[in-house]
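Numbering of the sequence shown is given in numbering that gives the first Met the number 0, commencing with residue 0 and proceeding in unit increments. The structure under discussion appears below in the form of structure tokens.
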Amino acid sequence: MTVPLAGFLVVLSGPSGVGKSSVAAQLVGDPRFGRAVTATTRAPRAGERDGVDYHFFTTERFNDAIAHDEFIEHAKVHGNLYGTPKSSVRRVIEAGKACLLVIDVQGAATLRHQGEDALFVFLAPPSEAALQTRLRSRGTEPPGQLELRIRNALQEELPRAREFDHVVVNDDLARAVAEITLLVSHRRAQPSR
Numbered sequence: 000m001t002v003p004l005a006g007f008l009v010v011l012s013g014p015s016g017v018g019k020s021s022v023a024a025q026l027v028g029d030p031r032f033g034r035a036v037t038a039t040t041r042a043p044r045a046g047e048r049d050g051v052d053y054h055f056f057t058t059e060r061f062n063d064a065i066a067h068d069e070f071i072e073h074a075k076v077h078g079n080l081y082g083t084p085k086s087s088v089r090r091v092i093e094a095g096k097a098c099l100l101v102i103d104v105q106g107a108a109t110l111r112h113q114g115e116d117a118l119f120v121f122l123a124p125p126s127e128a129a130l131q132t133r134l135r136s137r138g139t140e141p142p143g144q145l146e147l148r149i150r151n152a153l154q155e156e157l158p159r160a161r162e163f164d165h166v167v168v169n170d171d172l173a174r175a176v177a178e179i180t181l182l183v184s185h186r187r188a189q190p191s192r
């Protein structure tokens with residue numbers, strides 16, 4: 000018997016390059032999960048689709064959304080703005096699914112401080128060297144942006160892992176996905192906080 004996951008927020012966070020998107024793609028393959036699509040002002044990467052991978056906003060549109068209280072959380076990360084539209088979260092919850100939020104550590108901290116009832120999961124690399132290798136090999140950022148992401152990951156993001164309910168090491172994609180699914184099932188089986 001599977002435990003229903005409806006009406007539940009799962010916050011997946013971690014440093015850039017740790018594999019959050021890959022893990023999220025596997026999780027939403029489970030029909031009990033749905034992903035809230037995040038908005039960003041950064042340019043789309045090759046293959047990314049507006050409204051599917053991210054909502055790609057201009058800075059003006061993003062600031063307008065902030066002014067109209069359209070985000071459950073938002074932050075400036077690596078020089079770009081990121082935020083989770085309330086409408087995106089609502090759409091997943093109303094579909095009766097566990098709502099997966101793939102957000103940066105700042106956004107996760109905001110949600111925790113707001114008292115959101117969620118499971119906070121930090122996705123960690125097997126090592127700092129492995130993370131640097133992943134970031135360098137994916138080839139999605141110019142050198143200056145790459146160095147900023149590496150510095151932020153090592154100095155600002157990895158040290159915040161202790162703020163999360165659970166830390167899952169992404170050394171094997173299938174194992175990490177299975178561990179997160181189990182954590183969510185266990186959390187949902189507990190009485191509400």
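A virtual CB, placed ideally from N, CA and C, is assigned to each residue, including glycine. What you are looking at is a predicted structure, and each value in this text was computed from that prediction instead of being measured.
Checklist entry - Does the Cβ of lysine 96 have 16 or more other Cβ atoms within 10 Å, making it buried, or fewer, making it exposed? => result buried
Checklist entry - Where does valine 2 fall in DSSP's three states? => result Because the pLDDT of valine 2 is 36, which lies under 50, any placement of that residue in the model is unreliable, and the question is left without a value.
Checklist entry - Do you know offhand how far tyrosine 81's Cα is from glutamine 189's? => result 31 Å
Checklist entry - According to the Cβ coordinates, are valine 166 and leucine 26 closer than 8 Å? => result no
Next on the checklist: I'd like the span of the alpha helix (DSSP H) that includes glycine 46, first residue to last.
Outcome noted: Run containing glycine 46: none; DSSP gives neither H nor E here.
Item to check | For cysteine 98 and glycine 33, believed in contact at Cβ under 8 Å, the rounded distance | outcome: 6 Å
Item to check | Helix, strand or coil at glycine 143 [DSSP, three-state] | outcome: helix
Checklist entry - What's the gap between the Cα of glycine 13 and the Cα of isoleucine 179? => result 14 Å
Checklist entry - Using the beta-carbon count (16 or more within 10 Å), is threonine 58 buried or exposed? => result exposed
Next on the checklist: Report the CB separation of phenylalanine 55 from proline 43 in whole angstroms; it is logged as a contact under 8 Å.
Outcome noted: 6 Å
Checklist entry - So, is threonine 132 buried or exposed, given that buried needs 16 or more other C-beta atoms within 10 angstroms? => result exposed
Item to check | Cα-Cα separation between glutamate 127 and alanine 173, rounded to whole angstroms | outcome: 21 Å
Checklist entry - Among Ser184, Ala108, Pro142, which has the Cα closest to the Cα of arginine 161? => result Ala108
Next on the checklist: Relative to the C-alpha of serine 184, which candidate in Lys19, Arg31, Ala24 has its C-alpha closest?
Outcome noted: Arg31
Item to check | Those residues which DSSP pairs with leucine 99 across a bridge | outcome: Val9, Arg34
Checklist entry - Does the Cβ-Cβ distance between alanine 23 and valine 120 come in under 8 Å? => result no
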